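Worksheet for the structure shown next.
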Amino acid sequence: MSNSNLKGVGVGFRDRHFDDILEQDHGIKWFELLTENHLTVDSIAFYQAEKIREDFPVTLHGVGMSLGSTDPLNQDYMKKLKVLISRIQPELVSDHLAWVSHEGVYGHELLPLPYNEETLQHLVCRISQAQELLGRTLVIENPSSYLSFAHSEMSEAEFLTQLVKMSGCDLLLDINNLYISATNLGFDALDYLQALDANKIKQIHLAGYDVQAGGEGTQFLFDTHGFPVREPVWQLYEKAVSLYGRIPTLIEWDTDIPAFNTLVQEAERAQNRLDSATRTELLEGHGAKRREIEKNEFRVA
Amino acid sequence: MKLAELQKQMLDCLYGEKITSSHTGSQGSVGSQRSRLSELIAPTPYGSSAELLEIYRGSAQAGLQSALSDIFPVCERLVGRRFFLGLVSHYLKVHPSQSFDIGELGACFPQFLKENALQLNIEELPYLGDVTQLELCWHQVQDQSLESAAVNNLQALSEVDEDQQAAIRFTLSASTRLVNSIYPIFRIWQANQQSATDTDDINVMEGGGAVFIWRDLLFKLRMESVSETVSSWMQALQQNLTLGEIELMHNDNSINQNASDQIEQVLPWLMQQGIIDGFYF
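If you read the sequences in order, they're chains A and B. According to my numbering, the stretch in the first sequence is residues 131 to 431, in order. According to my numbering, the stretch in the second sequence is residues 18 to 298, in order.
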C-alpha cells in the first residue's frame, strides 16, 4: 500500500529551510519538492533539490502539468520534468485533478472540472500520455473545490475511482482539500473515503485552511496552505489512516511560511495521530482491512 | 457545453474584471459568456454561481499579483501598493501568462510600462521602466543554470600563441545582464532595498550609466554600477567580437586609456567574476 522508501511523515521543502534541513537533527523522514521550483537544470534550486535528495527520499509535486486542459500536453514542461525526474529519482511524481491553462494561456490556479464521461475520457487519455512520456505511474491529487458543475454526472470519488481503473494512475489524497470540498459543496467526506480504492492511495497531504466570508453572511472554507492543520482535518485524517493503514503523509505549508521548527512540530503531531489511529486499528484486530465507519461518528458539514 | 469551451470561458473570467451577480445578465459578449458559464455552475448556500466564480478569479489574480510583486518589489515601493496593483491589472489584460513558469510572468512588464507611460499615468516617473528592467534582470539571473565548469577552460587561455590571440572570441555566462539607463537606477534600486541605509535624496537627473548583474564564482548574485569601459567591453562581448576587433574598437574610441591597458585591467576582472566563462576561435 505504501511506497517502500517513504515512511511516516514528511514536509514540503521550501528554499528558506535548506540549511536547517541539512544541518539540524530534525527527524523528518522525507521531503516533497514543488516541481515547478526546480525545473531549470543546474540552477540553484536544482542544486538544492539534488542536495536534499542525497540525504532523504523525495517526492515531486506539481501544479503545472495541466492534466485536465484540452490543450496538448506542454512538451517543454514534460521534457524538463523528465530531466528533473532522471536526476532526482523521486519516489513519487504527482499533480492535480485540475487544469491551469487553455490555448497556451496559464491561469496559475487549479481550476475545477465537470465530472462527466467527456472529462473522464479526456483525462484517461492525458494521464496515459503523460505516464508514457515520463515512463512512470503518475499520482493524482484531489482538488479543493468551491463550485461544482451542474452537468457533472458522477461524484468526485466515483470519478477518481474510474480514472484510477482506466488510466492506471495512483492517488494522492489531500485530506484538507477533501474537508474543504465536502464542507463547501455539502457531500459526506466519509462516503468519499470509503469509495476510494485503498490500494491506490500512495500519499496523503495535510494542510491548513482559512474560513472566509461568502454571500449574505455565509462562510466557506478556502485552501490557503498558510495555517496549522485544523482539528476537523486531523479527525478526518485519523479516519482515513484507520481505514487505509500507514500511508506516507506530508505537511504542506505554502503561504506565510513559518520557521522550519514549526513544520517539524506539525509533522510530529501528524506522526502521533498516524501512530495512534493505526495502533487502535491493530488492537481492534482489523489491520489494514477496511472497516465500516459509523456515519454519525463524524460529520464534516 | 464542451470542455474546451468551458475552459476558454473560465480563463477569460480569471483575467477579466471582478465578477458580480450583475454579470450573470447579458452585457455584451463577455456578459453573455459569463451568463452561459454561470448556468453550468451548481449554486451553493454560500454563494451564487457568479460569487463562486469570483472565488477562483480572486485567488488567481492574487497569485499573479503576488508573483509580480515578488519580481518588482522596488517598483511597488516607488508607486505604492494600490497603484502597483492597478498597473498589474492593466498589464495582465494585455500580457496574460503564457508559460507554466509563473516566474516568466513579468518578462514584458518593463517594456509595457515604457510604452504606456502616459495611459498608465506614470510619465512623471520616467525612470520606472529602467528600474523594473533592472529588477527583471535580477530575477532572471537568479534562476539561470550555474556554469562554473566552463571556468577551467580559461586556464587554457594563457597557453594560446600570441599570434592567435586576436582571433579569440569569448563566451559570456548566461547568468549576466547589463542594463543601461540615463537615470541613476542603481542608486534608486539600492535605496529601495529593505536593508537600505542610504537615506539621501536622489536627483533623478544626476545621470545614469551601466548596471551589471551577474552570479559570481561563489554563486552569489551581484549587482554593480560599472564604468563606461567595462560597459563597452560587455557590449562588444555580447556582439561576439574577437579580441582583435575589441582592441581595435577601443584604440579608435578611447581617449584616456589605450586598449592594451584595458585588456590588462578589464579582462582579468571579467574572468575572475565568472562573467566570461570560456573562449573559442
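Positions of the beta carbon are idealized from the N, C-alpha and C atoms, including for glycine. Since we're looking at a predicted model, the values are computed, not measured.
Terminal residues of the alpha helix (DSSP H) in which residue i lies
i: Thr149 (chain B); result: 145 to 159
i: Ser258 (chain A); result: 247 to 264
i: Val91 (chain B); result: 90 to 96
i: Leu23 (chain B); result: 20 to 31
i: Leu366 (chain A); result: 361 to 374
i: Val294 (chain A); result: 286 to 297
i: Glu132 (chain B); result: 126 to 132
i: Leu323 (chain A); result: 319 to 325
i: Leu152 (chain A); result: 148 to 153
Chain-ordered neighbours of residue i on chain A, where CB pairs are closer than 7 Å
i: Ala77 (chain B); result: Gly237, His238, Glu239
i: Ser72 (chain B); result: Sequence check: residue 72 (chain B) is Ile here, not Ser. Those within 7 Å of Ile72 (chain B) in chain A are Tyr276.
i: Phe236 (chain B); result: Ile174
i: Leu28 (chain B); result: His232, Val235, Gly237
i: Leu10 (chain B); result: The structure shown does not extend to residue 10 (chain B), since chain B is modelled only from 18 through 298, so no value can be given for it.
Buried versus exposed call for residue i [16 or more other C-beta atoms within 10 Å across all chains shown]
i: Gly45 (chain B); result: Below a pLDDT of 50, predicted positions are generally treated as unreliable, and Gly45 (chain B), at 49, falls in that range; the measurement from the model is reported next regardless. It counts as exposed.
i: Thr313 (chain A); result: buried
i: Pro273 (chain A); result: buried
i: Ser249 (chain B); result: buried
i: Trp286 (chain B); result: exposed
i: Ala337 (chain A); result: buried
i: Lys209 (chain A); result: exposed
i: Ile199 (chain B); result: exposed
i: Ser66 (chain B); result: buried
i: Tyr297 (chain B); result: exposed
i: Gly140 (chain A); result: buried
i: Lys332 (chain A); result: buried
i: Gly295 (chain B); result: buried
i: Glu86 (chain A); result: This structure leaves residue 86 (chain A) out entirely; chain A is present only between 131 and 431.
i: Gly17 (chain B); result: Residue 17 (chain B) is absent from the model: chain B starts at 18 and stops at 298.
i: Ala77 (chain B); result: buried
i: Ser196 (chain A); result: buried
i: Asn329 (chain A); result: exposed
i: His40 (chain B); result: Caution is warranted here: a pLDDT of 46 is assigned to His40 (chain B), below 50, making its placement in the model unreliable, and the coordinate value is therefore given only provisionally. With 16 or more Cβ atoms within 10 Å of its Cβ, His40 (chain B) is classed as buried.
i: Gln349 (chain A); result: exposed
i: Gly97 (chain B); result: exposed
Chain B residues whose Cβ lies nearer than 7 Å to that of residue i
i: Ser406 (chain A); result: What Ser406 (chain A) touches in chain B: nothing, since even the nearest Cβ is about 33 Å away.
i: Ser278 (chain A); result: Ala59
i: Leu315 (chain A); result: Thr61
i: Tyr434 (chain A); result: Outside the displayed span of chain A (131 to 431) sits residue 434 (chain A), for which this structure offers no information.
Start and end residues, beta strand (DSSP E) containing residue i
i: Leu254 (chain B); result: That residue, Leu254 (chain B), is in no beta strand (DSSP E); its alpha helix (DSSP H) goes 245 to 255.
i: Gln342 (chain A); result: 339 to 343
i: Lys332 (chain A); result: 331 to 336
i: Phe176 (chain A); result: No beta strand (DSSP E) contains Phe176 (chain A), which is instead part of the alpha helix (DSSP H) from 174 to 185.
i: Leu164 (chain A); result: 161 to 164
i: Tyr297 (chain B); result: 293 to 297
i: Glu34 (chain B); result: Counting along the chain, Glu34 (chain B) falls outside any beta strand (DSSP E), and DSSP gives it neither H nor E.
i: Glu271 (chain A); result: 269 to 271
i: Phe352 (chain A); result: 349 to 353
i: Thr189 (chain A); result: 188 to 191
i: Leu301 (chain A); result: 300 to 304
i: Gly142 (chain A); result: 139 to 142
i: Thr379 (chain A); result: 379 to 381
Listed by chain order, chain A residues near residue i by CB distance under 9 Å
i: Thr149 (chain B); result: Per Cβ cutoff of 9 Å: no residues; Thr149 (chain B) is ~20 Å from chain A at best.
i: Ser114 (chain B); result: Ser231, Val235, Tyr236, Gly237, His238
Amino acids of chain B, ordered along the chain, whose beta-carbon sits closer than 8 Å to that of residue i
i: Ser199 (chain A); result: Gln24
i: Trp229 (chain A); result: Gln24
i: Asn204 (chain A); result: Phe117
i: Glu166 (chain A); result: Phe117, Asp118, Ile119
i: Gln349 (chain A); result: Tyr63
Closer than 6 Å: residue i CB and nearest the ligand COA heavy atom
i: Gly237 (chain A); result: The model depicted lacks the ligand COA and carries no ligand whatsoever.
Per-residue contacts from residue i into chain A (C-beta, under 8 Å)
i: Glu68 (chain B); result: Gly344, Gly345
i: Leu81 (chain B); result: His238
Amino acids of chain B, ordered along the chain, whose beta-carbon sits closer than 9 Å to that of residue i
i: His252 (chain A); result: Leu20
ask   = Within the chosen definition, does the stretch 112 to 119 of chain B reach the stretch 229 to 246 of chain A through at least 3 CB pairs nearer than 8 Å?
value = yes
query = Would you say the stretch 292 to 306 of chain A touches the stretch 251 to 260 of chain A, given that touching needs at least three Cβ pairs under 8 Å?
reply = yes
message = Could you tell me which whole beta strand (DSSP E) segments of length 3 or greater appear in the stretch 199 to 239 of chain A?
response = 223 to 226, 229 to 232
message = Would the stretch 18 to 29 of chain B count as touching the stretch 197 to 217 of chain A if we require 3 or more Cβ pairs under 8 Å?
response = yes
ask   = Are the stretch 248 to 266 of chain B and the stretch 211 to 223 of chain B touching by the rule of at least three beta carbon pairs closer than 8 Å?
value = no
key: Cβ contact check for the stretch 80 to 87 of chain B and the stretch 133 to 150 of chain B: 3 or more pairs under 8 Å   = no
ask   = If you pair each beta-carbon of the stretch 372 to 391 of chain A with each one of the stretch 339 to 346 of chain A, do three or more pairs fall below 8 Å?
value = no
key: beta strand (DSSP E) runs contained entirely in the stretch 164 to 245 of chain B, provided each spans 3 or more residues   = 186 to 189, 193 to 198, 226 to 232, 238 to 243
message = Between the stretch 229 to 245 of chain B and the stretch 184 to 195 of chain B, can you find at least three pairs of beta-carbon atoms closer than 8 Å?
response = yes
query = Any chance the stretch 237 to 252 of chain A sits against the stretch 144 to 160 of chain B, with 3 or more Cβ pairs inside 8 Å?
reply = no
ask   = Does the stretch 254 to 268 of chain A touch the stretch 52 to 66 of chain B, meaning 3 or more C-beta pairs lie closer than 8 Å?
value = no
ask   = For the stretch 271 to 286 of chain A against the stretch 150 to 163 of chain B, are there 3 or more C-beta pairs whose distance is under 8 Å?
value = no
At least 3 beta-carbon pairs within less than 8 Å: the stretch 367 to 379 of chain A vs the stretch 170 to 183 of chain A = no
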